[in-house]
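A.B. asks: For the sequence shown, this note's numbering gives the first residue as 35, with consecutive numbering after it. Provided herewith is a single structure, encoded as structure tokens, for subsequent inquiry.
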Amino acid sequence: MDLTYSRTNVFETADAEKLSKILAYAEGYKDFLNHGKTERETVEETVAMVEKEGYKPFDFSTKLQAGDKVYYNNRGKGLFLLRVGSKNLAENGIRIMVAHVDSPRLDLKQVPLYEESDIAYLKTHYYGGIKKYQWLTIPLSLHGVVVLKNGEKVKICIGEEENEPVFYISDLLPHLSQDLVKEPVATAFKAENLNVIVGSMALAGEEKKNVKKKVLAFLHEKYGMEEEDFLSSEIEVVPAYKARDVGFDRSFVASYGHDDRVCAYPEITASLHTETEQTVLTILADKEEIGSEGNSGMQCFLIQDILDKLCADLGVSSALVRSKSMCLSADVTSAFDPNFSEAFERNNVSYAGSGVAMTKFTGARGKSGSNDASAEYVGYLRKIFAEENVVWQTGELGRVDLGGGGTVAMFLANRNIDTVDVGVPVLSMHAPYELISKADLYEAYKAFSAFIK
Ligand code: MN
Ligand code: MN
């Protein structure tokens, strides 16, 4: 009898039928990525997906009952999908899955446009944890909304189609970088230098050459904007890359924003396509990358309001239902990177291709800021994953005391709901172009499906 534990490699153990399912599933995911690069776009795209499956909008004014399939669109930036099942809530609670749909990026400042030495620029304030140098010299696109003076909301999306221009942040040539390359990376690249090049043609007929006015003329023609309208805008600068297969065997997908759409997509598709009598709440959250604050983040009371409304309509105690509910906080973790092996602890990190990762605790400096899931809850999930042949692995972010990170898990757990982090391991997390294994994506789908069965 072999009493030892070891990870399972998905590709090594998959038969031909499973392999073709893994590859096919990733096609839908790439499409999802390419149509939703921001939280707003991902919510819009998901609403379209779920409406096709019969989900109806919900706004607290109607009574919920068993059999309902509804969605609550939170300001276009967050989404709650609720399937009310026939099982008794007081006994079974709710199965909750939450992923986030905001990703690290550069946001435009509110007075962003200026010109310098005949080039027009937009100033940015980065959002979430980025390595600033990674955003230089790559194709960038602009996505977001502007609320004009007259109250009209205009959508902006430019730089994604082949025939559209992209935007760009410059870097210093190596020939003149003798001083720069000796500086620590943390200080060599300054946030105030993440200025995006948007033009260089001057407006004709001006007394002085004026590049900024030419950009404004373009914005006015295309979007009806004037400069002051930037004050009431949310415009995000993201990489203009499309999701692409990586490797001779096409086993990986590279994309912007795997964190955390690589969990959102399997969560959504599992909740749409799994037959179940459970009540299932699927959440797409905003603002995770900056602490889940605000009314679109998971710290907002909205989750409580939805749970309370559901329980009131069905005549059960919300406190009782929460005590019986379970949550998968679906977020990415790190995948072991042999190029930076010293950052990881090999026995406890997750590996690309070894299945969906379960992260019992996150946090930093002695688990601070972590939801540390109980042995009992992990044991329960282990059992249902085994029953459904889900290939999974453990996933501690990295070496102890090297850094750390958090997720939304604690904001669910704080409500007396058993919660653990489950998600897909990522190489180069938070980079403009991240990498995931198609095998892990597929196992995440299977895990979420097993969870809500
Ligand atoms: Mn994340
Ligand atoms: Mn993140």
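Cβ atoms here follow ideal geometry from the backbone N, Cα and C, with glycine treated the same way.
1. Does the Cβ of residue 356 have 16 or more other Cβ atoms within 10 Å, making it buried, or fewer, making it exposed?
2. Please report how far the alpha carbon of residue 294 lies from the alpha carbon of residue 135, in whole angstroms.
3. Between residue 261 and residue 147, how many whole angstroms is the CB-CB distance? I'm expecting something under 8 Å.
4. Taking the C-alpha atoms as reference points, what is the distance between residue 452 and residue 407?
5. Could you please give me the residues that DSSP links to residue 452 through a beta bridge?
6. Can you find the residues in the same chain that come closer than 8 Å, C-beta to C-beta, to residue 99, ignoring five residues on each side of it along the sequence?
7. Smallest Cα separation from residue 310: which of 120, 96, 50 and 89?
8. Let me know if residue 402 comes out buried or exposed under the rule of 16 or more other beta-carbons within 10 Å of its beta-carbon.
9. By DSSP, does residue 310 sit in helix, in strand, or in coil?
10. For ligand 1, is there any heavy atom lying closer than 7 Å to the beta carbon of residue 134?
11. Could you check whether the Cβ of residue 327 sits closer than 7 Å to any heavy atom belonging to ligand 1?
12. Considering only heavy atoms of ligand 2, list every residue whose Cβ is less than 6 Å from one of them, following chain order.
13. Of the choices 382, 182, 47 and 138, whose alpha-carbon is the least far from that of residue 424?
14. By the three-class DSSP mapping on this structure, what secondary structure does residue 303 have?
15. Tell me whether the beta-carbon of residue 194 lies closer than 8 Å to the beta-carbon of residue 211.
16. Taking 7 Å as the cut-off, is the beta-carbon of residue 428 closer than that to any non-hydrogen atom of ligand 1?
17. Kindly identify the DSSP beta-bridge partner or partners of residue 169.
18. Are there 16 or more other CB atoms within 10 angstroms of the CB of residue 129, so buried, or fewer, so exposed?
19. Can you find a heavy atom of ligand 1 that lies under 7 Å from the Cβ of residue 342?
20. State the CB to CB distance for the pair residue 296 and residue 288, rounded to an integer number of angstroms; the pair is presumed to be in contact (CB under 8 Å).
21. Does the distance from the CB of residue 443 to the CB of residue 460 come in under 8 Å?
22. Please tell me whether residue 137 and residue 387 are closer than 8 Å, where the distance is taken between their beta carbons.
23. Using only the alpha-carbon positions, how far apart do residue 77 and residue 70 sit?
24. Could you check whether the Cβ of residue 474 sits closer than 7 Å to any heavy atom belonging to ligand 1?
25. By the DSSP assignment, the beta strand (DSSP E) with residue 267 in it spans what residues?
26. Skipping 5 residues on each side, what residues in its chain have a beta carbon closer than 6 Å to that of residue 350?
27. Closest by CA to residue 368, which one among 359, 378, 106 and 361?
28. Would you check if there are 3 or more beta carbon pairs closer than 8 Å linking the segment 469-484 to the segment 424-441?
29. Give the secondary structure of residue 159 by DSSP, where H, G and I count as helix, E and B as strand, and everything else as coil.
30. By Cβ distance, which residues of its chain are closer than 6 Å to residue 266, with the 5 residues on each side in sequence left out?
31. Could you check whether the Cβ of residue 456 sits closer than 7 Å to any heavy atom belonging to ligand 1?
32. From 154, 342, 243 and 328, pick the residue whose C-alpha is nearest to that of residue 253; which is it?
33. Can you check which of these residues, 75, 395 and 224, is closest to residue 272 by C-alpha distance?
34. Are the Cβ atoms of residue 202 and residue 245 separated by less than 8 Å?
35. Alpha carbon to alpha carbon, how far is residue 157 from residue 234? Give it in angstroms, no decimals.
36. What does the alpha-carbon distance come out to for the pair residue 172 and residue 409?
C.D. replies: Here's the rundown:
1. Per the 10 Å Cβ criterion, buried.
2. The alpha-carbon atoms of residue 294 and residue 135 are separated by roughly 6 Å.
3. 6 Å
4. 7 Å
5. 360
6. 118, 347 and 348
7. It is 120.
8. exposed
9. coil
10. Under cutoff, so the answer is yes.
11. Result no, Cβ not under 7 Å from ligand 1.
12. 293, 323 and 464
13. 47
14. helix
15. By the CB criterion at 8 Å, residue 194 and residue 211 fall outside the cutoff.
16. no
17. None, per the DSSP bridge assignment.
18. buried
19. no
20. So it is not a contact: roughly 12 Å between Cβ atoms.
21. Going by C-beta atoms, residue 443 is not nearer than 8 Å to residue 460.
22. no
23. Going from the Cα of residue 77 to the Cα of residue 70 covers about 8 Å.
24. no
25. 267-273
26. Only 123 and 124 meet the Cβ criterion.
27. The shortest C-alpha separation from residue 368 is found at 378.
28. yes
29. strand
30. 181
31. Result no, Cβ not under 7 Å from ligand 1.
32. 154
33. With distances taken between Cα atoms, residue 272 lies closest to 75.
34. no
35. CA-to-CA, the gap between residue 234 and residue 157 works out to about 16 Å.
36. C-alpha separation (whole angstroms): 45 Å.
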